[in-house]
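These notes concern the structure reproduced below.
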Amino acid sequence: MASTILITGATSGFGAACARRFAGEGWQLILTGRRGERLEQLQAELGGAVTAALTFDVGQRQAVQEALQQLPPIDLLLNNAGLALGLGPAWKVDLDDWETMVDTNIKGVLYCTRAVLPGMVERNRGHIINIGSTAGSWPYPGGNVYGGTKAFVQQFSRNLRADLLGTRVRVTCLEPGMAESEFSQVRFKGDQELAAKVYAGAEPLRPEDIADLIYFLATLPPHVNVNTLEVMPIDQAWGPLAVHRHPEQQSPGRSTR
Ligand code: NDP
Ligand code: 8X3
C-alpha cells in the first residue's frame with residue numbers, strides 16, 4: 111500500500127516541490143494551503159496521487175481541527191507552512207506581523223502536530239518533519255521574531271522526540287539556510303526588487319534540493335532518526351560576531367578601558 115504524506119504549505123516553494131517529488135515516488139498526498147486555486151492546479155497536475163486538497167489557515171485552531179479530523183492514516187506529516195514578515199529592527203516593526211509569524215510558524219505546527227500525532231502513536235509508526243531554519247540557531251539583524259519562531263520549532267522537535275521515546279514515531283527538524291522560493295516576496299510584501307536582492311549574485315538552495323533531502327529523511331531505515339539537519343548553499347556561511355565601535359574611543363592615545 112502507498113504511503114501518505116500530509117504537506118502543509120503545498121501551494122509554493124518547498125511544499126510544492128515535495129508534492130511533486132513524493133508523487134513521483136508513488137506516495138499519496140494530502141495537500142494544504144490557503145490558496146485554493148493553487149491547490150487545484152497542483153491536483154490537476156498530480157492527478158490520482160492527491161488524496162485530498164484542503165484549504166485552511168494553519169494558525170486557526172478550529173479550522174485545522176475540522177480539516178484534519180477525518181483523514182486516512184498519515185505516514186509523514188511535513189510541517190512546512192510558514193513565513194517571515196519584515197526585516198526591520200524590533201522597536202520599529204509591526205506587531206501584527208509578529209503575531210502572524212507566531213500564529214503560523216508556532217501555533218500552526220502545534221495544531222497540525224496535535225491533530226496527526228495521536229494516530230501515529232496508536233499505529234506505532236509515522237514521521238513528523240518540521241521545517242525550522244538556520245535562523246532558529248543563528249541570529250541576524252531583523253530576524254527577531256522569525257528566528258524566535260524557528261528556535262521554537264527546533265526545541266519543540268527535540269521535546270517531541272523525548273516524549274515519543276519507546277514508540278516508532280520519528281521526528282526531524284530540517285533547518286535550511288537561504289533558499290529561493292516565494293519566501294522573500296512574502297517577507298518584503300510583494301517588493302520584487304528587495305526580494306531579488308536576497309539572492310543576487312549567489313546560488314541559493316532550490317526547493318527541489320529541500321524536497322530531495324526530505325525524501326531522503328523519509329526513506330531512511332525505520333530505526334534511524336535524524337534529529338536535526340542543517341543545510342546551507344555553498345555560497346552561504348557565518349560571519350564574525352558584530353562589534354559596535356564608538357568613534358570617540360578610536361582616537362590615538364585614548365584609553366580603551
Ligand atoms: P513559500 O513562501 O514559497 O511557501 C510558504 C508556504 O506556506 C506556502 O505554500 C503558503 O501557502 C504556506 N503558508 C503560509 N502561511 C500559511 C498559513 N497561515 N496557513 C497555511 N499555509 C500557509 O516559502 P518556502 O517554501 O521557502 O517556505 C516553506 C518553509 O520553509 C517555511 O516554514 C519557511 O519559514 C521555511 N524556510 C524557508 C527558507 C528560505 O530561505 N526560503 C529557509 C529556511 C526555512 P498559502 O499562502 O497558499 O497559504
Ligand atoms: C529562511 C532563511 O536566513 O532568511 O529561514 O532567515 S533566513
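Just so we're on the same page, our numbering is the position in the sequence shown counted from 1, plus 110.
Each residue gets a CB set at the ideal place from its N, CA and C atoms; glycine is no exception.
These numbers come from a predicted model, not from an experiment.
Are residue i and residue j close, meaning C-beta to C-beta below 8 angstroms?
{"i": "Leu186", "j": "Ser122", "result": "no"}
{"i": "Gly252", "j": "Pro199", "result": "yes"}
{"i": "Arg144", "j": "Thr165", "result": "yes"}
{"i": "Ile117", "j": "Leu149", "result": "no"}
{"i": "Asn190", "j": "Phe266", "result": "no"}
For residue i, count the other beta carbons within 10 Å of its own beta carbon; 16 or more makes it buried, fewer makes it exposed. Which is it?
{"i": "Thr366", "result": "With a pLDDT of 48 at Thr366, under the threshold of 50, the modelled position of this residue cannot be trusted; read the value that follows with caution. It is exposed - the Cβ of Thr366 has fewer than 16 other Cβ atoms within 10 Å."}
{"i": "Leu327", "result": "buried"}
{"i": "Ala246", "result": "Looking at the sequence provided, one finds Gly at residue 246 rather than Ala. Its Cβ being crowded by 16 or more others within 10 Å, Gly246 is buried."}
{"i": "Leu275", "result": "exposed"}
{"i": "Val160", "result": "buried"}
{"i": "Met111", "result": "exposed"}
{"i": "Ala126", "result": "buried"}
{"i": "Pro317", "result": "buried"}
{"i": "Ala321", "result": "buried"}
{"i": "Val353", "result": "exposed"}
{"i": "Gln264", "result": "buried"}
Quick check: does the Cβ of residue i come within less than 7 angstroms of any heavy atom belonging to the ligand NDP?
{"i": "Val296", "result": "yes"}
{"i": "Met288", "result": "yes"}
{"i": "Ile184", "result": "no"}
{"i": "Arg316", "result": "no"}
{"i": "Glu209", "result": "no"}
{"i": "Val226", "result": "no"}
{"i": "Ala120", "result": "yes"}
{"i": "Leu304", "result": "no"}
Nearest CA to the CA of residue i: which residue from the options?
{"i": "Leu188", "options": "Gln295, Gly157, Glu313 and Gly236", "result": "Gly236"}
{"i": "Pro90", "options": "Leu178, Thr214 and Leu339", "result": "Not covered by the structure: residue 90. The range shown for the chain is 111 to 367."}
{"i": "Val174", "options": "Ala310, Gly311, Val255 and Gly119", "result": "Gly119"}
{"i": "Ser291", "options": "Thr259, Ala305 and Arg278", "result": "Ala305"}
{"i": "Gln179", "options": "Gln151, Leu195, Arg355 and Val226", "result": "Val226"}
{"i": "Asn335", "options": "Asn234, Val263, Cys283 and Val219", "result": "Cys283"}
{"i": "Gly258", "options": "Gly229, Arg278 and Trp208", "result": "Trp208"}
{"i": "Ala261", "options": "Arg280, Leu181 and Asn215", "result": "Asn215"}
Could one say the Cβ of residue i lies closer than 8 angstroms to chain C's Cβ atoms, at least one of them?
{"i": "Glu340", "result": "Looking for chain C here will not work: only one protein chain is present."}
Can residue i be considered in contact with the ligand NAP, in the sense that its beta carbon sits closer than 7 angstroms to one or more heavy atoms?
{"i": "Ala261", "result": "The ligand NAP is not part of this structure, which contains only the ligand NDP and the ligand 8X3."}
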